[in-house]
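Line by line, the protein sequences are chains D and H.
Heads up: the first sequence at position 77 corresponds to 77 in this note's numbering, and the numbers run straight through without jumps.
Heads up: the second sequence at position 113 corresponds to 113 in this note's numbering, and the numbers run straight through without jumps.
By construction, the Cβ of each residue, glycine as well, lies at the ideal position given by its N, Cα and C atoms.
Let me begin by presenting the structure, written as structure tokens, before commenting on it.
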Amino acid sequence: MQLQDIVQKLGLDVHTAAGRLGRAVHRGYASDILSDVMAHARPGDLWVTLQTHVNTVAVAELKELAAIVLAGGRRPDPETLEKAAQREIPLLSSPLPKFELVGRLYQLGLRGGQEP
Amino acid sequence: MLERSRFSKLRELVYEVKVEDVMTREVVSVEPDCPVRELRELLKNHRISGLPVVQHGELVGIISIEDFIKCLWNGELDAKVAQRMTTSVEVLFADEPVIHAVQKFERSGYGRFPVLDRGTRRLVGILTKGDIISGLLRQLEREYLAREQERAPQKPLFRGLVADSASIRLCYRVAGRDFNRAGAAASALKSTLYRIGIDRDVVRRAAIATYEAEMNIVIFTDGGEIESQITPEAITVLARDQGPGIPDVQKALQPGFSTAPDWVRELGFGAGMGLNNMQKCADRMDIRSQVGRGTEVFMQFAL
Chain D
1 MQLQDIVQKL GLDVHTAAGR LGRAVHRGYA SDILSDVMAH ARPGDLWVTL
51 QTHVNTVAVA ELKELAAIVL AGGRRPDPET LEKAAQREIP LLSSPLPKFE
101 LVGRLYQLGL RGGQEP
Chain H
1 MLERSRFSKL RELVYEVKVE DVMTREVVSV EPDCPVRELR ELLKNHRISG
51 LPVVQHGELV GIISIEDFIK CLWNGELDAK VAQRMTTSVE VLFADEPVIH
101 AVQKFERSGY GRFPVLDRGT RRLVGILTKG DIISGLLRQL EREYLAREQE
151 RAPQKPLFRG LVADSASIRL CYRVAGRDFN RAGAAASALK STLYRIGIDR
201 DVVRRAAIAT YEAEMNIVIF TDGGEIESQI TPEAITVLAR DQGPGIPDVQ
251 KALQPGFSTA PDWVRELGFG AGMGLNNMQK CADRMDIRSQ VGRGTEVFMQ
301 FAL
């Protein structure tokens, strides 16, 4: 499934890198602990988090994640917006609580799992 | 031009790739004396639309969802599979090129072909159009990756250098407590390593480990530096700071151990995973630390 389809089906807000939504996504990872994401997320994962600060962009970039999705109606910090735009990392958000959001993503066919 | 070369690549593949390379090997089959009624569960559970009928390891027929529906319509669900199956089964041999299968699908209009071993005549697999498509895609991806590797050969930077030893040294300054720029050193090192043709897996591991080292400098110290040295044999990363030092390195290495203040934890850092991540990523890691003087973390990644 393309990132674009997920955005449409869940009505996500697209804050940055709207031109980069053609990427195919099959898996996701949900965590608010950056080291946990660094350790266990896999390249191409959709990352669901509550963290809104600029370091999320560095993590997404280093791990080559497909996109960052802010849950629970959180909005990105201004520096986060700027950095994500500059690095062309799609920054998305949803008013749904994290549990609900992950459940919807699972229903769309995204699966979890982690790097060993 | 690209279109054409892609197309001819696919042409080439259907001649090169054998049926056995793309067929499904775990065949769900049914015995001839099984009542047609039981097909329902088999077809549903395995999400298939037909299955070979096998007796004592030998293929004796094939029965499809269409046959099942016919029986359902005629109220013949108690008939045996043997009475309702197609017995003149067209088959493929495992060693045939995929092009034969493609032609057969086109000619016959069937949805699947049982695959036999040419020597023993035993059923070894089953082939659908879907199997062919995903098999060819897998093969295309394999060749694409192989070509990528060729295009970015490992360590091209060192090729042709005549010296008893050669290395590149990269230095990055890390500002303490500056969360807005945290991660910049790891990002810069990562893209530099890619650019000079280092293997992707090594780059990823080095980037993760460097990121964690960098975060430790940002969180706990007023600043430090990260120095990376690249030789044809290995990448080393040395993270150095004049911070408070680690009183008990063994304890700090325990997963979940953290001395990070609350405000740092709220940002999602300080979960006590950093050093473990580094240890997991690096082929070798040494920590030297003196309380009140600073810490040096040395990591090595073999090439």
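Run of the beta strand (DSSP E) containing residue i, from where it starts to where it stops
i	result
D/Glu100	Careful: D/Glu100 lies outside any beta strand (DSSP E), inside the alpha helix (DSSP H) at 98–107.
H/Leu59	58–64
H/Thr259	Premise fails: H/Thr259 is in no beta strand (DSSP E) and is neither H nor E.
H/Gln55	50–55
H/Asp21	Looking at the DSSP string, H/Asp21 is not in any beta strand (DSSP E); the run it does join, the alpha helix (DSSP H), is 19–22.
D/Gln114	Neither: D/Gln114 is in no beta strand (DSSP E) and is coded neither H nor E.
H/Leu267	Taken as a continuous stretch (DSSP letters only), H/Leu267 belongs to no beta strand (DSSP E), as it is neither H nor E.
H/Ile287	284–290
H/Asp241	234–241
H/Leu170	168–175
D/Gly22	Segment: none, D/Gly22 is in no beta strand (DSSP E) and carries neither H nor E.
H/Val297	294–302
D/Val14	13–16
H/Ser165	Careful: H/Ser165 lies outside any beta strand (DSSP E) and carries neither H nor E.
H/Ser228	223–230
Rounded distance between the beta-carbons of residue j and residue i, thought under 8 Å
i	j	result
D/Ala108	D/Met38	Per the sequence presented here, residue 108 of chain D reads as Leu, with Ala not at that position. The Cβ separation is near 26 Å, so there is no contact.
H/Leu327	H/Val54	Within the shown structure, residues of chain H are numbered from 1 to 303, placing residue 327 of chain H beyond reach of any answer.
D/Val59	D/Lys83	Actually they are not in contact, since the Cβ atoms of D/Val59 and D/Lys83 sit about 11 Å apart, beyond 8 Å.
H/Leu51	H/Ile69	Not quite, the Cβ-Cβ distance comes to about 15 Å (not below 8 Å), so this is no contact.
H/Met329	H/Leu127	Because chain H spans 1 through 303 in this model, residue 329 of chain H falls outside it and cannot be assessed.
H/Ile219	H/Phe269	6 Å
D/Asn55	H/Leu275	The pair is not a contact, with the Cβ atoms about 18 Å apart (cut-off 8 Å).
H/Pro35	H/Asp78	6 Å
D/Gly112	D/Pro95	That pair is no contact at about 22 Å.
D/Val25	D/Leu92	No, D/Val25 and D/Leu92 are not in contact; Cβ-Cβ is about 11 Å, not under 8 Å.
D/Asp77	D/His53	5 Å
H/Ile114	H/Leu59	Checking the sequence shown, residue 114 of chain H turns out to be Pro, not Ile. The Cβ separation is near 5 Å, so the contact holds.
CA-to-CA distance, residue j to residue i, given in whole angstroms
i	j	result
H/Met299	H/Ser228	9 Å
H/Glu41	H/Arg195	55 Å
H/Gly272	H/Pro261	12 Å
D/Ile89	D/Gly11	18 Å
D/Asp32	D/Val69	11 Å
H/Gln83	D/Lys63	58 Å
H/Val18	H/Lys129	The question names Val, but residue 18 of chain H in the sequence shown is Lys. Those two C-alpha atoms are separated by around 14 Å.
H/Leu2	H/Gln103	Residue placement at H/Leu2 is flagged as unreliable, the pLDDT there being 43, under the threshold of 50; a coordinate-derived value is accordingly withheld.
H/Asp117	H/Ala94	6 Å
H/Cys171	H/Ile226	6 Å
H/Tyr110	H/Gly125	16 Å
D/Gln75	D/Gly28	The displayed chain sequence assigns Arg, not Gln, to residue 75 of chain D. Distance between the alpha carbons of D/Arg75 and D/Gly28 is about 20 Å.
D/Leu81	H/Thr236	33 Å
H/Gly197	H/Glu296	28 Å
H/Trp263	H/Phe179	12 Å
H/Leu189	H/Ala252	26 Å
H/Gly135	D/Leu34	37 Å
H/Asn277	D/Glu115	12 Å
D/Leu3	D/Leu65	12 Å
H/Ser29	D/Val7	42 Å
H/Ser165	D/Asp13	53 Å
H/Glu90	H/Arg37	25 Å
H/Ala302	H/Leu238	15 Å
D/Pro43	D/Glu79	24 Å
H/Arg240	H/Glu148	36 Å
H/Leu39	H/Ser88	20 Å
H/Lys9	H/His100	17 Å
H/Glu31	H/Glu106	29 Å
H/Arg25	D/Arg20	38 Å
H/Arg177	H/Arg265	14 Å
D/Glu71	H/Ile246	A small fix is needed here, since residue 71 of chain D is Ala in this sequence, not Glu. Spanning the two alpha carbons is a distance of roughly 36 Å.
H/Gly75	H/Asp33	18 Å
D/Gly160	H/Val162	As displayed, chain D neither begins before 1 nor continues past 116, which places residue 160 of chain D out of reach and without an answer.
Residue i, enclosing alpha helix (DSSP H) - first and last residue
i	result
H/Cys281	274–281
H/Phe305	One cannot answer for residue 305 of chain H here, as it falls past the ends of chain H, which runs 1 to 303.
H/His46	39–46
H/Ala188	184–195
H/Arg252	The sequence given here places Ala at residue 252 of chain H; Arg does not occur at that position. Where H/Ala252 is concerned, the enclosing alpha helix (DSSP H) stretches over 249–252.
D/Ile6	3–10
C-beta neighbour in chain A for residue i, strict 8 Å
i	result
H/Ile287	This model lacks chain A altogether; the protein chains it does include are D and H.
What are the start and end residues of each continuous alpha helix (DSSP H) run of 4 or more residues lying completely inside the stretch 75–152 of chain H, in chain order? 81–84, 98–108, 129–151
Where are the alpha helix (DSSP H) runs, 4 residues long or more, that stay fully inside the stretch 25–111 of chain D, in chain order? 34–40, 55–62, 78–87, 98–107
Whether or not the stretch 178–189 of chain H and the stretch 202–218 of chain H are in contact is what I'm after, with contact meaning three or more pairs of Cβ atoms, one per stretch, closer than 8 Å; do they touch? yes
If contact is defined by three or more beta carbon pairs under 8 Å, each pair taking one atom from either stretch, is the stretch 41–54 of chain D in contact with the stretch 8–15 of chain H? no
Quick test of the definition: if touching needs 3 or more C-beta pairs under 8 Å, does the stretch 251–259 of chain H touch the stretch 202–212 of chain H? no
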